[in-house]
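Here's what the structure looks like:
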C-alpha cells in the first residue's frame, strides 16, 4: 500500500499539468498546419512538401508587418492573406501543369519549391533568428501554476480558425463545391464546378492556414528559415496517423501526438521526444494503416 | 538488344570508361575530387533508381542507407586496428542492409505516397538517433578517421593516393553499374518493371509482389550503403548531415534530372546537379539552391524524362 | 445567351470524332446529331463506345480529331464545367451522386450558378421534389444511403438543376426494378414535353424505341445504322445483328 502511495507521490503532477497544456497548445498549431496539408491531399492528391515553408513564410511576413506597423493582429491577417495568394500563385504556375501526371511529379515539384523558398528566406533575412513579440504578456494561475495567457490564445485562435473553416465547408456555397470536388472531381466538373479554380482556392486556403500558424507560433520560438522542416515532418506523420484526407482525424492525431510528446519531454530531451511521434507512426502503420482515427467506410 | 546497338552501346561505354580512367591524370586536385564525388553520388542515385525507375516506388529513405553505410565504415575504421578497407566495406554494407530490411518490412505494404512519406520519416528517425546518441555516433560533430590502405592481405598494401582512390571508386561504381544492369535486364528486373507498370496485374498473374519489393529495397539499400562507404573513404568523416532527409531529396533530384529508369541517367543527373551547384556558387555563393531549385522545378514540369530521355528524343529526330 | 440554335441547326452535333484512351482508339469517326427537344437513342453492345461518345460531348474527354458543336458553335476543346453552364446535363452510368453530400447538397451543386435568384432556385427545387417525391422525403439524408433507384432519380434531378437544353443519359435503367424503369420512362417523357433534348444510351431496346424519335446504332466505335425509331421493331434482324447475344 505504501509503495502505491509512494508511487503516486512520485508522479510530477505539476509537470504533467503544464505539459498537458503545452501539448494541447502545440497540438492545435499542428492541427492547423496539418488541416491544410490533409485538405490539399484529399482534394487533389498532392503531397505538399512546401507546406512547412509556407508556415515559415507566414512567420516572416509577420515579422515584416510587425516591424512596419507594430500590430500583431494586422500581422496575422496580412501574413495569412499574402501567403494564401503566394500559395495560389504557386499552384497555378507549378502544379496545374502537372495535373494528371504521375503523383511523383507533384512530390518533386513541391520539394523543389521548398528548397527554393528556404534559401530565398535565408537570402533575404539572413541566418539569425527573428522574433515576433507576443501581443500581450501575462499569465494566469491554475492551481499552483502560472501559465502564459498568450499560449492559451494560440490554442483558442487555432481552434477558432479550424472551426470557422469547418463551418464554411459544411454550409457555405463554395464549401459544397470543395466537398463535391473532393469526392468526385469528374462529376463536380460535369455539374459546372470549375474544378481547377477550386484546387487553386484550396491550396491558397491551406497555405493561409499554415501562415497563420506561423505567425501564432512565432513568439514562442525564433523565426528562421529552417523552422518549417520539423513541422512538415510532424504534419506528415499526423496526416498519416489521422488518415489521409480526414480532417477530424488529423486534428485528433495532432493533439494526441503533441500530448504524448509533451509528456515524454518531462523525462527526455525535446530532441529525443520526437521519437514518440515516430513510434506512433510505426505502430499505426503496423496495426491500422488507414489511420488511427480514420472512420471505416 | 540488337547486335548493332549492342556494339554501339559497348563502344560508348568503353570510351567513357577510358575518359574517366585518364581524367585524374590531367585534372587538378579540385576537379579530381569533384569527379570522384560525382561518381559516388551517382552510385547513390543509381541505387535509388532501382526503386524509383524500375519498381516505381518513390523513396526518400536513401539518406538512411547512405548514412548507415558511412557510419558502418566509420565504425570499422575506428574500432578495428589496423584500419582495414574490406572490413569497412563489410560493416558498411551490413549496416545499410540491416536498415534496408527494417524499412522494407514496414514500407513495402504501403503504396505510393504512403511509402514515400514513410521512408522519409524513417530516414528522419535514423537522423535523430544518430544526432542524439552522441556517445556512439559523435552526435552533431560526427566521426573522423583515417583512410585505410588499399590492401589484399598477404599480397600488398599501398596507401591511397588521390588518383588511386579515384580509380578504386571508379572500379566499384563501374562494377556496381554492370551488376545492376545485369539485374535489371534479368527476369527479376522484368518483374520489377511490371510492378511499376501495373502492380495489380502483376499480383494477379501470381507474383508475390511484396517479396519482390522487399528484395528491391534491400538491393537499393546495399548499393546506397556502398556509396556511403566510398564517401567515408574519400572524405574521412561521417556526419549526421548526410542522414538528413534532404540528402534523399537531392538523390531523387539527380534521378529526375538524369532520367529515371535508365541507371546511367542518375549518374548524369548527379554530375549535372553538382556542376550547376559549382557554377552557381560562384555567383550566388551559398544561395545556389535558388536558381538550381528553379531549374529543377522547370525540369520536372517540362522535361520529366530527364536529360537522358531528352537527349534520346533529340537524337532520334 | 450563347445564341440559340437556328431551326435548321442541330442542338448538338458530333462530326467525325476520334477519341482515344491512352493508346486505345475507342471512337473511329463517330457522327451524330440531336435537334432541339428531340429524344435520340444510342444503342449498341457493351464496349462499343457509347459512354465514350457521351463523355466526349460533355468535354470529359477530348477527341484527337473531329468536332463537337453546340448550337452551331464548336465546343470540342472546352472543359466540362463550361459545357454544364452552357446547358449540357450529364447523368453517367453508375449515377455518381456525391455520396457524402445530402440530397439537398447534391441538388445545390447544380443550383448555385451565376444569375440564379433565390426564387428561381426554390422553383427548381420544388419542381424536382414534385417529380421525385421520395427525394423530398430524404432531402437531408446522405446520398450514399439512398437505394439504387433513388440514386438514379437524384442523378437526374441534379442534372435538371442546371436547366439544361440537353441531358445525356447513360444507361439510366441499368439494375433497376421494373417499377423504377417505368418511372424513368415517365421522366423522359416529362422532360421531352418540357422541351429538353435527350441523348439516351440504353441496353433496354424496347424502352429506347418507345421513348426516342430517332435511334443510332453503334458498333466497334462508329455509327453503323441510323433511322427513325418507328422504323425499327424489337424483333428486327438489325437489332439482332448489332445487339444480339
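Chains as they are written, first to last, in the working numbering: chain E, 20 to 316; chain L, 98 to 414; chain C, 15 to 259. Backbone N, C-alpha and C fix where the C-beta goes; we use that ideal spot for every residue, glycine too.
- Counting along the chain, no beta strand (DSSP E) covers residue 178/E; the unbroken alpha helix (DSSP H) around it starts and ends at 168-190.
- Per DSSP, the beta-bridge partners of residue 42/C are 32/C.
- Two segments are said to touch when three or more pairs of C-beta atoms, one from each, lie closer than 8 Å; by this definition the segment 79-99 of chain E does not touch the segment 263-276 of chain E.
- C-alpha of residue 147/E to C-alpha of residue 82/E: approximately 13 Å in a straight line.
- Only buried fits residue 163/L, as 16 or more other CB atoms lie within 10 angstroms of its CB.
- For chain E, the residues of the segment 181-213 of chain L that bring a beta carbon within less than 9 Å of one of its beta carbons are 203, 204, 206, 207, 209, 210, 211 and 213, in chain order.
- Approximately 6 Å separates the beta-carbon atoms of residue 79/E and residue 242/E; this is inside 8 Å, confirming the contact.
- Secondary structure at residue 259/L: helix, using DSSP grouped into helix, strand and coil.
- Closest by C-alpha distance to residue 99/C, out of 107/C, 89/C and 108/C, is 89/C.
- When beta bridges are read from the DSSP output, residue 194/C appears opposite no residue.
- A contact is defined here as three or more CB-CB pairs under 8 Å, and the segment 342-352 of chain L meets this definition with respect to the segment 364-384 of chain L.
- The three-state secondary structure of residue 338/L, taken from DSSP, is helix.
- Taking residue 320/L as the centre and dropping the five residues before and after it, the same chain places the C-beta of 144 and 273 closer than 6 Å to its C-beta, in chain order.
- Under the DSSP assignment, residue 122/E falls in the alpha helix (DSSP H) whose first and last residues are 122-144.
- Neighbours of residue 198/E across chain C, judged by C-beta separation under 8 Å: 112, 114, 115 and 119.
- In this structure, the beta-carbon distance from residue 117/C to residue 149/C falls below 8 Å.
- Note on residue 281/E: 16 or more other CB atoms within 10 angstroms of its CB, so buried under the neighbour-count rule.
- In terms of beta-carbon proximity, residue 387/L lines the interface with chain E, with at least one pair separated by less than 8 Å.
- Annotated as proximal: residue 235/E and residue 173/E, with beta-carbon spacing under 8 Å.
- Under DSSP, residue 215/C shares a beta bridge with 56/C and 184/C.
- Closer than 8 Å at the C-beta level to chain E, one finds these residues of the segment 227-245 of chain L: 228 and 229.
- In the structure shown, the three-state DSSP call for residue 244/C is helix.
- Inter-segment contact for the segment 144-161 of chain L and the segment 203-218 of chain L is present: three or more beta-carbon pairs are separated by less than 8 Å.
- Taking one beta carbon from each stretch, the segment 138-156 of chain E and the segment 205-224 of chain E have fewer than 3 pairs nearer than 8 Å; the two do not touch.
- In the DSSP annotation of this structure, the continuous segment of the beta strand (DSSP E) that includes residue 232/C starts and ends at 228-233.
- The C-beta of residue 152/C has 16 or more other C-beta atoms within 10 Å across all chains shown, which makes the residue buried.
- Non-local beta-carbon contacts of residue 146/C in its own chain, meaning distances under 6 Å to residues more than five positions away in sequence, involve 167 and 171 in chain order.
- Using a CB distance cut-off of 8 Å, residue 128/E counts as an interface residue toward chain L.
- Using a 10 angstroms sphere on the CB of residue 108/C, the tally of other CB atoms stays under 16, which defines it as exposed.
- For residue 124/C, at least one C-beta of chain E is nearer than 8 Å to its own C-beta.
- By the Cβ rule, the segment 28-38 of chain C does not count as touching the segment 202-215 of chain C, because fewer than three pairs are nearer than 8 Å.
- In terms of Cβ geometry, residue 220/L and residue 342/L form a close pair [threshold 8 Å].
- Within the segment 371-402 of chain L, contact with chain E at the beta-carbon level (separation under 7 Å) is assigned to 384, 386, 387, 390, 391, 393, 394, 397, 398 and 401.
- Between residue 66/E and residue 114/E, the CB-CB gap reaches or exceeds 8 Å.
- Residue contact with chain E for residue 306/L: absent (no Cβ-Cβ distance below 8 Å to any residue of chain E).
- Relative to residue 357/L, the option among 149/L, 194/L, 231/L and 295/L whose CA is nearest is 149/L.
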